[in-house]
Amino acid sequence: MKPTSASPGARALAASLRELRMTRGKGLRELARMVRILPQLLSAWEKGQRVASPEDVARLLGALQVDDATYDRMMRLARRAKDDNWLDSNPSDLPPALSGIVEYERTATHITMWSLAIVPGLLQSADYARAVLNGGQLSLAQADIHLVTRLARQRILTKPDPVKLTAIVGEAAIRDEIGGEDVMSDQMDHLLGIADFTNVTLRVLPAKIGYHPGLYGPFVLYEFGDLPTIVHLEHSEATAFLHEVDVVGKYRKQAKLLEGKAMTEDATRALLREVAR
Numbered sequence: 001m002k003p004t005s006a007s008p009g010a011r012a013l014a015a016s017l018r019e020l021r022m023t024r025g026k027g028l029r030e031l032a033r034m035v036r037i038l039p040q041l042l043s044a045w046e047k048g049q050r051v052a053s054p055e056d057v058a059r060l061l062g063a064l065q066v067d068d069a070t071y072d073r074m075m076r077l078a079r080r081a082k083d084d085n086w087l088d089s090n091p092s093d094l095p096p097a098l099s100g101i102v103e104y105e106r107t108a109t110h111i112t113m114w115s116l117a118i119v120p121g122l123l124q125s126a127d128y129a130r131a132v133l134n135g136g137q138l139s140l141a142q143a144d145i146h147l148v149t150r151l152a153r154q155r156i157l158t159k160p161d162p163v164k165l166t167a168i169v170g171e172a173a174i175r176d177e178i179g180g181e182d183v184m185s186d187q188m189d190h191l192l193g194i195a196d197f198t199n200v201t202l203r204v205l206p207a208k209i210g211y212h213p214g215l216y217g218p219f220v221l222y223e224f225g226d227l228p229t230i231v232h233l234e235h236s237e238a239t240a241f242l243h244e245v246d247v248v249g250k251y252r253k254q255a256k257l258l259e260g261k262a263m264t265e266d267a268t269r270a271l272l273r274e275v276a277r
């Protein structure tokens, strides 16, 4: 059954509750019994068919005996779950923001992404991803956790009935050297392989074309069929998820404008082969 809680935060809360229960090794019926609720209600919370209240989330977290940091993150998400839009100002923490992203990627039917200066995470090779993560403000331990999660997320491109992906990448992301010459060469080969997937459209936006809306920053559009589309905006200090119709419409328009200025798929492959040498 599809989730019926449309807000980005509610859908992320559902995914985070399910993930946390499984990580703690608790069965659905076992946890429901511990907090004295029907297993059907807990299942509805985890599937996003109903939204758990902050009080209910607190009871679940107590039963699961989570640490203080996890408790604070989950309660922050629970209190904002019904908000139309969702802003997470702690992007270095895996949950809840990354749990939301993983859930959106898992359930989306079509993803459209734009990145000006960095190859998007779904398209990164392992060495390139490590170079990006190690160059940020994460500890080595945090970087390792993010790396494993990032590479696991890429399975959505190769699973049965894979998601349709449209990726537009700035030429700077292709030519600027991250991690060294060998890492970039390997990354270009990795992109060439992904560009051959029938469910992936990969195109490069040339540099020096003047003003375009993509200069304001990267964004991702997650489309879900019957559920509202979600826009994901990421900054070094915050992550935002929006689903208001007028906002989504503006980013759809931006994506179309960028596609109109981007290289063809054949020209993109030629550029990747050139840089890979």
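full-length UniProt numbering applies: residue 1 is where the sequence shown begins, and numbers increase by one.
Even for Gly, the Cβ is constructed at its ideal location relative to N, Cα and C.
Being a predicted model, the structure only gives us computed values, none of them experimental.
Starting from residue 113, follow the beta strand (DSSP E) in both directions and report where the run begins and ends.
-> 110-115
For residue 164, which beta-bridge partners are listed by DSSP?
-> 110
Measure the C-alpha to C-alpha separation of residue 210 and residue 235 and round it to an integer number of angstroms.
-> Each residue's alpha carbon lies about 23 Å from the other.
In angstroms with no decimal places, state the Cα-to-Cα distance between residue 187 and residue 114.
-> When the Cα atoms are used, residue 187 and residue 114 turn out to be separated by approximately 18 Å.
When the Cα atoms are used, what is the spatial distance from residue 26 to residue 157?
-> 30 Å
Where residue 23 sits in the DSSP three-state scheme = helix
Do you know how far the Cα of residue 83 is from the Cα of residue 106?
-> One C-alpha to the other measures close to 22 Å.
Any non-hydrogen atom of the ligand COA closer than 7 Å to residue 28 Cβ = The ligand COA is not part of the structure shown, which contains no ligands of any sort.
Just the Cα atoms here: how many angstroms apart are residue 80 and residue 127?
-> Rounded to whole angstroms, residue 80 to residue 127 spans 36 Å at the Cα level.
Would you report the Cα separation of residue 217 and residue 40, rounded to the nearest angstrom?
-> If you take the alpha carbons of residue 217 and residue 40, they lie about 42 Å apart.
Cutoff 7 Å; reference residue 125; Cβ partners in own chain excluding five residues on either side = Counting only Cβ-Cβ distances below 7 Å, and skipping sequence neighbours, we find 186, 187, 190.
Specify, as a first and last residue, the run of the beta strand (DSSP E) that residue 228 falls within.
-> Counting along the chain, the beta strand (DSSP E) containing residue 228 begins and ends at 227-235.
Quick one: using the 10 Å Cβ neighbour count with 16 as the cut-off for buried, is residue 42 buried or exposed?
-> In summary, residue 42 is buried, with 16 or more beta-carbon neighbours lying within 10 Å of its beta-carbon over all protein chains present.
Per DSSP, which residues does residue 222 bridge with? Please list them.
-> 111, 230
By DSSP, does residue 263 sit in helix, in strand, or in coil?
-> coil
Cut-off 8 Å between Cβ atoms - residues of its own chain near residue 275, not counting five sequence neighbours on either side | Here the set comprises 174, 175, 184, 185, 188.
Mark residue 22 as exposed unless 16 or more other C-beta atoms lie within 10 angstroms of its C-beta, in which case mark it buried.
-> exposed
Residue 55: buried (16+ other C-beta within 10 angstroms of its C-beta) or exposed?
-> Here residue 55 is exposed, its C-beta having fewer than 16 other C-beta atoms within 10 Å.
Where residue 112 and residue 58 are concerned, what is the direct C-alpha to C-alpha distance, given to the nearest angstrom?
-> 35 Å
Look at residue 170 and residue 221 and say whether their C-beta atoms are less than 8 Å apart.
-> No, Cβ-Cβ distance for residue 170 and residue 221 is not below 8 Å.
Could you say which of 239, 203, 168, 104 lies nearest to residue 267 if we only look at CA atoms?
-> 203
Go ahead and label residue 231 buried or exposed: buried means 16 or more other beta carbons lie within 10 angstroms of its beta carbon, across all protein chains shown.
-> Residue environment for residue 231: buried (at least 16 other C-beta atoms within 10 angstroms of its C-beta).
Which residues DSSP lists as bridging residue 131, in chain order = Under DSSP, residue 131 takes part in no beta bridge, so it has no partner.
Nearest candidate by alpha-carbon position, reference residue 200, set 9, 108, 166, 265 = 166
Is residue 172 helix, strand or coil by DSSP?
-> helix
Identity of the residue in 213, 100, 34 nearest residue 258 by Cα | 213
Excluding sequence positions up to five away, which residues of its chain have a Cβ less than 7 Å from the Cβ of residue 63?
-> 31, 34, 35
Spatial neighbours of residue 95 in its chain, beta-carbon cut-off 6 Å, leaving aside the 5 residues before and after | Because the pLDDT of residue 95 is 47, which lies under 50, any placement of that residue in the model is unreliable, and the number read from its coordinates should be weighed accordingly. Closer than 6 Å at Cβ, skipping near neighbours: 16, 73.
Could you round the C-beta distance between residue 71 and residue 61 to whole angstroms and report it? I think they count as a contact, below 8 Å.
-> 5 Å
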